[in-house]
Amino acid sequence: MESNKIKSSFLLILLVIIWGATFPLEKIVLNDISPFSLNISRFLIADLIMLFCFFPTIKKDFTKVWKEGSILGILMSLGYIFQTWGLDHTTPARSGFITSLYVVFVPLVAIFIEPIALRANTIFALLIAAVGIYLSELSGKIFSPNFGDLLTLGCAFAFAFQVVATTVLTKKLKDKHITLTFYQMTFITITNLPFYFLTFHHDSWNFENLSIIVSIAIFASVFGTIIQMKHQKNVGTIPSAFIYVGEPVSAAIFSVILMGEKFSIVQLIGFSLIIISAIFAQIRYSKR
101 MESNKIKSSF
111 LLILLVIIWG
121 ATFPLEKIVL
131 NDISPFSLNI
141 SRFLIADLIM
151 LFCFFPTIKK
161 DFTKVWKEGS
171 ILGILMSLGY
181 IFQTWGLDHT
191 TPARSGFITS
201 LYVVFVPLVA
211 IFIEPIALRA
221 NTIFALLIAA
231 VGIYLSELSG
241 KIFSPNFGDL
251 LTLGCAFAFA
261 FQVVATTVLT
271 KKLKDKHITL
281 TFYQMTFITI
291 TNLPFYFLTF
301 HHDSWNFENL
311 SIIVSIAIFA
321 SVFGTIIQMK
331 HQKNVGTIPS
341 AFIYVGEPVS
351 AAIFSVILMG
361 EKFSIVQLIG
371 FSLIIISAIF
381 AQIRYSKR
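Here the sequence shown stands for residues 101 to 388, numbered as in the numbering used here.
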């Protein structure tokens, strides 16, 4: 059991690295196409890949997990819709900060759904993580929330509920992670369609953009979500949340590598606090 938890923890760390890499890659693509075009193309490709690779499994389990798949699909869809809609009314830095707060909300949601005791070290780690995210994303600047920020806050809560629901539902439905992943990809594709047709687009497609979207669909959407569905339950909701808090750090590293981005001392302090919070949160964890 302990070896499974260690293996699953390493795979979730790999997942965070993959998710972090998508931020600068998506930024490159968004220079030429709209956010909703990106969402639809990314997850439609993910749907097709999953059908091609796992059709027998999806067909066998599709009606068996429709309730649980729909719950996860709705939560994930709300997260992406609020994030994309909010980004149209706020800055990328604010969006990144508020979205990352989902890892802070996860334990607060989990204590009402799972039999989890929120220990003092977890609360302290949450505070460290929140400060770290704030410094890394906003460099300590003070801002007044606007409409876009409130939409993005809805995104953070949706993602927090999705993380908690993932642990609960995948424990209930063992070995159904493939079909649960497909449900989420499909829901995101369908729910983004109305927003696509109701907004203006001036997309400029090229081979580089298509290659990036296909790569994100394969590694972040299909491979990444399967990892989350299969392995998060072995690690636990709160420990997983503090692994996910490393996503902004991963995004920063890939931004330096791929885009030559530079960071201030304040931001580097923020990244350090995020790492410290993730380590500190793993020291003690218990169930009632």
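All C-beta atoms, glycine included, are put in the ideal place defined by N, C-alpha and C.
Going straight from the alpha carbon of residue i to that of residue j, what length do you get?
{"i": "Phe-110", "j": "Val-335", "result": "10 Å"}
{"i": "Lys-107", "j": "Phe-323", "result": "16 Å"}
{"i": "Leu-298", "j": "Glu-102", "result": "50 Å"}
{"i": "Pro-135", "j": "Asp-249", "result": "17 Å"}
{"i": "Ser-364", "j": "Asn-131", "result": "24 Å"}
{"i": "Ile-216", "j": "Ala-229", "result": "20 Å"}
{"i": "Pro-294", "j": "Ile-288", "result": "11 Å"}
{"i": "Ala-317", "j": "Ile-149", "result": "9 Å"}
{"i": "Phe-300", "j": "Ile-171", "result": "30 Å"}
{"i": "Ile-375", "j": "Phe-155", "result": "39 Å"}
{"i": "Val-345", "j": "Lys-105", "result": "18 Å"}
{"i": "Ala-258", "j": "Ile-379", "result": "25 Å"}
{"i": "Leu-114", "j": "Ile-343", "result": "10 Å"}
{"i": "Asp-303", "j": "Tyr-296", "result": "12 Å"}
{"i": "Phe-152", "j": "Trp-305", "result": "25 Å"}
{"i": "Pro-192", "j": "Ser-311", "result": "23 Å"}
{"i": "Ser-137", "j": "Asp-161", "result": "30 Å"}
{"i": "Ile-211", "j": "Ile-357", "result": "38 Å"}
{"i": "Phe-143", "j": "Asp-188", "result": "20 Å"}
Which residues in the same chain have their Cβ closer than 8 Å to the Cβ of residue i, if we skip the five residues on either side of it in sequence?
{"i": "Met-359", "result": "Pro-124, Lys-127 and Ile-128"}
{"i": "Tyr-385", "result": "Bear in mind that the predicted position of Tyr-385 carries a pLDDT of just 48, short of 50, making it unreliable; the figure below should be weighed with that in mind. These residues qualify, in order along the chain: Arg-219, Thr-222, Gly-336, Ile-338 and Pro-339."}
{"i": "Val-165", "result": "Leu-273, Lys-276, Thr-279, Leu-280 and Tyr-283"}
{"i": "Gly-254", "result": "Leu-178, Phe-182 and Gly-186"}
{"i": "Leu-269", "result": "Glu-168, Ile-171, Leu-172 and Leu-280"}
{"i": "Ala-352", "result": "Gly-120, Ser-236, Glu-361, Phe-363, Gln-367 and Phe-371"}
{"i": "Phe-389", "result": "For residue 389 there is no data in the structure shown, the boundaries of the chain being 101 and 388."}
{"i": "Thr-157", "result": "Ile-278 and Thr-279"}
Measure from the alpha carbon of residue i to the alpha carbon of each residue in the options, then state which is nearest.
{"i": "Ile-292", "options": "Phe-154, Phe-162, Gly-179 and Val-116", "result": "What sits at residue 292 in the sequence shown is Asn, not Ile. The shortest Cα separation from Asn-292 among Phe-154, Phe-162, Gly-179 and Val-116 belongs to Gly-179."}
{"i": "Phe-247", "options": "Asp-161, Val-165 and Thr-190", "result": "Thr-190"}
{"i": "His-331", "options": "Gly-254, Met-176 and Lys-271", "result": "Lys-271"}
{"i": "Glu-308", "options": "Ile-133, Thr-199, Ile-288 and Glu-168", "result": "Ile-133"}
{"i": "Ala-341", "options": "Lys-160, Ala-256 and Met-285", "result": "Ala-256"}
{"i": "Lys-333", "options": "Leu-208, Tyr-234, Val-264 and Thr-289", "result": "Val-264"}
{"i": "Ser-372", "options": "Gly-254, Ser-195, Asn-306 and Val-231", "result": "Val-231"}
{"i": "Gly-370", "options": "Leu-114, Ile-213, Ser-236 and Ser-350", "result": "Ser-236"}
{"i": "Ile-213", "options": "Phe-224, Phe-143 and Gln-262", "result": "Gln-262"}
{"i": "Ser-195", "options": "Thr-157, Thr-325 and Pro-245", "result": "Pro-245"}
{"i": "Ala-260", "options": "Thr-325, Phe-224 and Met-176", "result": "Met-176"}
Between which residues of its own chain and residue i is the CB-CB distance below 7 Å, once the five residues before and five after are set aside?
{"i": "Ala-320", "result": "Ile-118, Trp-119 and Thr-122"}
{"i": "Val-314", "result": "Ile-145"}
{"i": "Ser-141", "result": "Ile-313"}
{"i": "Asn-139", "result": "Tyr-180, Thr-184, Ile-288 and Asn-292"}
Could you spell out where the alpha helix (DSSP H) holding residue i opens and where it closes?
{"i": "Lys-160", "result": "135-161"}
{"i": "Ala-220", "result": "220-238"}
{"i": "Ile-106", "result": "102-129"}
{"i": "Ser-321", "result": "Counting along the chain, Ser-321 falls outside any alpha helix (DSSP H), and DSSP gives it neither H nor E."}
{"i": "Phe-300", "result": "Per DSSP, Phe-300 belongs to no alpha helix (DSSP H) and is neither H nor E."}
{"i": "Val-347", "result": "It is Glu, not Val, that sits at residue 347 in the sequence shown. Unbroken alpha helix (DSSP H) run through Glu-347: 347-359."}
{"i": "Val-206", "result": "202-213"}
{"i": "Val-314", "result": "307-316"}
{"i": "Ser-100", "result": "Beyond the ends of the chain as shown, which are 101 and 388, falls residue 100; an answer cannot be given."}
Just to confirm, is the Cβ distance from residue i to residue j under 9 Å?
{"i": "Asp-147", "j": "Met-329", "result": "no"}
{"i": "Glu-347", "j": "Val-116", "result": "yes"}
{"i": "Ser-350", "j": "Leu-226", "result": "no"}
{"i": "Ile-198", "j": "Thr-252", "result": "yes"}
{"i": "Ile-233", "j": "Val-209", "result": "no"}
{"i": "Leu-112", "j": "Ile-327", "result": "yes"}
Ignore the nearest five residues each way along the sequence and tell me which others in residue i's own chain have a CB closer than 6 Å to its CB.
{"i": "Ser-355", "result": "Pro-124 and Glu-361"}
{"i": "Gly-173", "result": "Tyr-283, Gln-284 and Phe-287"}
{"i": "Leu-201", "result": "Ala-256"}
{"i": "Thr-163", "result": "none"}
{"i": "Lys-159", "result": "none"}
With hydrogens ignored, establish whether the beta-carbon of residue i is closer than 8 Å to any heavy atom of the ligand ADP.
{"i": "Ala-146", "result": "No copy of the ligand ADP occurs in the structure displayed, which carries no ligand at all."}
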